[in-house]
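Student: Take this structure, written in structure tokens, and hold onto it; I'll ask about it next.
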Amino acid sequence: MSTRTSWADLAANSAAENAATGSSSANNGVGATSAPARSTYVPPHLRNRPAASDPPAPANTGPVTNDRSGEQEVNPFEDDDDTEPAFSEQENSGINFEAYDDIPVETSGENVPPPVNTFAEIDLGDALNQNIRRCKYVKPTPVQRNAIPISLAGRDLMACAQTGSGKTAAFCFPIISGIMTGQSVQKPPRGARTVYPLALILSPTRELSMQIHEEARKFSYQTGVRVVVAYGGAPISQQLRELERGVDILVATPGRLVDLLERARVSLQMIRYLALDEADRMLDMGFEPQIRKIVEQMDMPRPGARQTMLFSATFPKEIQRLASDFLSNYIFLAVGRVGSSTDLIVQRVEFVHESDKRSHLMDLLHAQRANGAQGKQALTLVFVETKKGADALEHWLCSNGFPATTIHGDRSQQERELALRSFKSGHTPILVATDVAARGLDIPHVSHVVNFDLPNDIDDYVHRIGRTGRAGKSGLATAFFNENNASMARALSELMQESNQEVPSWLSRFAARSFGGGRNRRSGGGGRFGGRDFRRDSSFSRGGGSDYYSGGNSSGGYGASSGGGYGASSGGGYGPGVTSAWD
Ligand SMILES: Nc1ncnc2c1ncn2[C@@H]1O[C@H](COP(=O)(O)OP(=O)(O)OP(=O)(O)O)[C@@H](O)[C@H]1O
Numbered sequence: 001m002s003t004r005t006s007w008a009d010l011a012a013n014s015a016a017e018n019a020a021t022g023s024s025s026a027n028n029g030v031g032a033t034s035a036p037a038r039s040t041y042v043p044p045h046l047r048n049r050p051a052a053s054d055p056p057a058p059a060n061t062g063p064v065t066n067d068r069s070g071e072q073e074v075n076p077f078e079d080d081d082d083t084e085p086a087f088s089e090q091e092n093s094g095i096n097f098e099a100y101d102d103i104p105v106e107t108s109g110e111n112v113p114p115p116v117n118t119f120a121e122i123d124l125g126d127a128l129n130q131n132i133r134r135c136k137y138v139k140p141t142p143v144q145r146n147a148i149p150i151s152l153a154g155r156d157l158m159a160c161a162q163t164g165s166g167k168t169a170a171f172c173f174p175i176i177s178g179i180m181t182g183q184s185v186q187k188p189p190r191g192a193r194t195v196y197p198l199a200l201i202l203s204p205t206r207e208l209s210m211q212i213h214e215e216a217r218k219f220s221y222q223t224g225v226r227v228v229v230a231y232g233g234a235p236i237s238q239q240l241r242e243l244e245r246g247v248d249i250l251v252a253t254p255g256r257l258v259d260l261l262e263r264a265r266v267s268l269q270m271i272r273y274l275a276l277d278e279a280d281r282m283l284d285m286g287f288e289p290q291i292r293k294i295v296e297q298m299d300m301p302r303p304g305a306r307q308t309m310l311f312s313a314t315f316p317k318e319i320q321r322l323a324s325d326f327l328s329n330y331i332f333l334a335v336g337r338v339g340s341s342t343d344l345i346v347q348r349v350e351f352v353h354e355s356d357k358r359s360h361l362m363d364l365l366h367a368q369r370a371n372g373a374q375g376k377q378a379l380t381l382v383f384v385e386t387k388k389g390a391d392a393l394e395h396w397l398c399s400n401g402f403p404a405t406t407i408h409g410d411r412s413q414q415e416r417e418l419a420l421r422s423f424k425s426g427h428t429p430i431l432v433a434t435d436v437a438a439r440g441l442d443i444p445h446v447s448h449v450v451n452f453d454l455p456n457d458i459d460d461y462v463h464r465i466g467r468t469g470r471a472g473k474s475g476l477a478t479a480f481f482n483e484n485n486a487s488m489a490r491a492l493s494e495l496m497q498e499s500n501q502e503v504p505s506w507l508s509r510f511a512a513r514s515f516g517g518g519r520n521r522r523s524g525g526g527g528r529f530g531g532r533d534f535r536r537d538s539s540f541s542r543g544g545g546s547d548y549y550s551g552g553n554s555s556g557g558y559g560a561s562s563g564g565g566y567g568a569s570s571g572g573g574y575g576p577g578v579t580s581a582w583d
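The opening residue of the sequence shown carries number 1 in UniProt numbering; numbering runs sequentially from there.
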């Protein structure tokens with residue numbers, strides 16, 4: 001059953017490839033150094049304007065003055081250049097864009113703006129363009145090519161694109177650019193300490209919010225747009241101080257935001273942009289009430305009066321239906337199959353009895369060590385089902401000579417952050433995690449994801465394995481499967497087939513025996529591309545789908561995608577009850 005040799009080679013290759021590049025870790029927090037001073041509102045596009053005689057800001061100077069409050073803006077690129085000289089050409093322009101070239105793209109909705117091929121084609125403004133260069137983003141990824149023009153046109157968007165394909169920039173760029181060029185509106189009087197962000201980015205975990213904040217700070221460096229993060233488990237006082245210094249874009253987890261809203265320290269009255277990252281997670285049962293409270297029951301402008309962008313790699317149809325409450329005349333964009341994994345990840349499934357899992361993991365790690373890129377740092381992320389299980393496995397690994405750490409919901413925020421830092425730096429190259437680390441985290445050099453315990457939902461599997469094989473790099477994912485996972489067999493084998501993976505015959509037999517859909521919450525229909533915008537469902541259409549849906553298009557190849565005739569009826573204009581060509 002074991003495929004150790006080829007597995008180890010794969011791990012080694014993936015490790016070598018990933019180790020060839022550097023990582024980045026920016027400071028957390030805005031890190032302003034001088035005392036805050038409340039000042040009158042200056043619209044972002046008028047902030048940080050150098051006087052005509054000033055030379056342009058060099059790429060990597062020290063702190064610059066942000067003239068809104070006299071504070072210092074810390075250079076978020078500093079760490080990249082000081083400690084990680086390889087956060088450079090190789091890291092980002094080495095992205096294997098060919099891997100994305102024939103990726104299918106589908107859009108639906110009215111008057112879909114055409115995609116662009118280069119950043120130069122989009123008017124994002126000089127300062128943002130300069131930051132894109134500093135990030136070494138040479139050209140936009142497919143989701144960026146499609147989503148950015150849609151958002152810049154002011155349209156609401158539900159976007160689904162594979163893990164690691166650059167969705168963060170796809171929603172950050174239009175927001176930053178829109179704030180820079182937008183008209184300033186006088187703030188309504190309210191409690192002196194209330195702040196009025198113009199954009200809100202919500203994400204499901206603290207670590208992901210921190211990461212989005214770091215990214216957004218890089219993209220908005222020297223633009224005058226101020227980004228602040230608020231998440232639970234950290235002292236609120238410090239976050240309040242940051243907010244008081246001014247905020248244009250607020251990145252937050254829902255719980256902490258509700259707290260800030262209830263204390264009237266934040267008002268959503270001025271929100272022009274709302275982005276939900278991992279939107280399907282944000283709208284599933286766990287989060288939906290909080291999201292409804294934030295979006296519908298506070299003072300946020302209604303859909304249509306704000307611009308709303310929903311992003312994820314997975315979008316089950318029932319969640320799409322829920323999400324449509326938050327959107328107005330939106331465009332649905334799918335890059336790759338909804339909920340599919342990227343072909344860049346080699347997926348292995350091994351049959352391992354519950355009692356053999358530890359020794360099997362040990363074998364994998366030994367083989368990885370023996371074959372792996374000696375001296376080069378390859379990180380392994382191991383997913384388990386429970387917090388207790390995570391602690392136990394970490395302890396066992398450490399006592400067997402494998403430096404490991406763990407991240408889960410029972411650890412303090414400080415411990416969680418420490419664990420993540422220790423993993424990223426390679427100090428503990430094995431991270432045992434629960435699903436808290438499954439979504440969104442962009443950790444360079446994760447060459448191997450092990451599903452020690454498989455999740456019960458195929459979408460969770462897609463997100464977990466997506467921690468490797470990011471930004472055009474290859475990765476390896478190994479899953480331990482046994483009778484307890486029988487309900488996943490069908491979904492797993494279908495997903496693997498869709499992503500051109502070898503499906504073991506024993507898994508196909510399990511799949512053939514399993515009842516029901518087996519795709520769990522997946523929104524796709526088999527391996528067919530298209531028909532995933534829930535508005536195209538014939539059952540939905542009969543109930544008045546024409547109110548929602550008109551037009552759309554798709555292509556099997558990126559090059560020929562939406563450009564080939566966007567418009568209300570280019571997809572055929574299905575009327576009520578008419579089955580979509582993709583169904
Ligand atoms: N145009 C680009 N050129 C090169 N690298 C890019 C580009 N856009 C994004 N990246 C890099 O790709 C990596 C993945 O991006 P990001 O984290 O936004 O993916 P994602 O699609 O949000 O993934 P997930 O679904 O896991 O949240 C990041 O390291 C990012 O810096």
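Think of the CB as a built atom: it goes at the ideal place given N, C-alpha and C, for glycine as much as any other residue.
(1) Verify whether the separation of the beta carbon atoms of V446 and T478 is less than 7 Å.
(2) For H427, does the count of other Cβ atoms within 10 angstroms reach 16, so buried, or fall short, so exposed?
(3) From the DSSP output, in three-state form, read off R464 for me.
(4) Considering Cα atoms alone, identify which of T308, L243, D356, A153 is closest to F452.
(5) If we cut at 7 Å on Cβ distances, does N485 have a partner in chain D?
(6) What number of angstroms, rounded off, separates the C-alpha of D126 from the C-alpha of S514?
(7) Could you pull out every residue in the same chain whose Cβ sits closer than 7 Å to the Cβ of I465, ignoring the five residues on either side in sequence?
(8) I need the DSSP call for R348, collapsed to helix, strand or coil.
(9) Ends of the beta strand (DSSP E) at S447?
(10) Can you find the residues in the same chain that come closer than 7 Å, C-beta to C-beta, to A279, ignoring five residues on each side of it along the sequence?
(11) In angstroms with no decimal places, state the Cα-to-Cα distance between A170 and V143.
(12) Taking 6 Å as the line, does the beta carbon of T163 fall inside it for any heavy atom of ligand 1?
(13) Considering only the alpha carbon of each residue, which of D459, Q501, R470, V105 lies closest to G339?
(14) Out of V138, Q320, A471, which has the shortest C-alpha to C-alpha gap to R532?
(15) Judging by CA-CA distance, which residue of A491, E498, K293 is the nearest neighbour of R509?
(16) Check whether the stretch 415 to 435 and the stretch 123 to 140 touch, using three or more Cβ-Cβ pairs below 8 Å as the test.
(17) Using DSSP with H/G/I as helix, E/B as strand and the rest coil, what is D126?
(18) DSSP three-state call for R217: helix, strand or coil?
(19) How big is the Cα-Cα spacing for S267 and S177?
(20) Among F480, L260, V247, which one has its Cα closest to the Cα of H213?
(21) Within its chain, find whatever has a CB closer than 8 Å to the CB of S412; leave out the 5 residues flanking it on each side and keep chain order.
(22) Within 10 angstroms of the Cβ of residue 667, are there 16 or more other Cβ atoms? Answer buried if so, exposed if not.
(23) Per DSSP, what kind of secondary structure is R281 in: helix, strand or coil?
(24) Where does I236 sit, in a helix, a strand or coil, going by DSSP?
(25) What is the C-beta distance between G440 and L208, in whole angstroms, given that I count them as a contact (C-beta under 8 Å)?
(26) Which residues does DSSP list as the beta-bridge partners of P303?
(27) Please list, in chain order, all residues of the same chain as H353 whose beta carbon is under 7 Å from its beta carbon, the five residues on each side excluded.
(28) Quick check: the Cα distance between P197 and E494, rounded to an integer number of angstroms?
(29) Please return the same chain residues whose Cβ sits closer than 7 Å to the Cβ of P174, not counting the five positions on each side in sequence.
(30) Whose C-alpha, out of V335, F77, F351, is nearest the C-alpha of T107?
(31) Indicate whether S422 and T405 have their beta-carbon atoms separated by less than 7 Å.
(32) Where do the ends of the alpha helix (DSSP H) carrying L260 lie?
(33) Return yes when at least one heavy atom of ligand 1 lies under 6 Å from the C-beta of G466, else no.
(34) So if DSSP puts C160 in a beta bridge, which residue, or which two residues, is it bridged to?
(35) With 16 other CB atoms within 10 Å as the buried threshold, where does I122 fall?
Tutor: In terms of the structure at hand:
(1) no
(2) exposed
(3) helix
(4) D356
(5) Here chain D cannot be found, since the structure has a single protein chain.
(6) 56 Å
(7) S341, I345, Q347, V449, A477
(8) strand
(9) 446 to 451
(10) L310, F311, S312, A323
(11) 7 Å
(12) yes
(13) D459
(14) Q320
(15) A491
(16) no
(17) helix
(18) helix
(19) 22 Å
(20) V247
(21) G233
(22) Because the chain is modelled from 1 through 583, residue 667 falls outside the range shown and cannot be assessed.
(23) helix
(24) helix
(25) 4 Å
(26) R306
(27) N482
(28) 43 Å
(29) I148, S151, L152
(30) V335
(31) yes
(32) 254 to 262
(33) yes
(34) S312, A334
(35) buried
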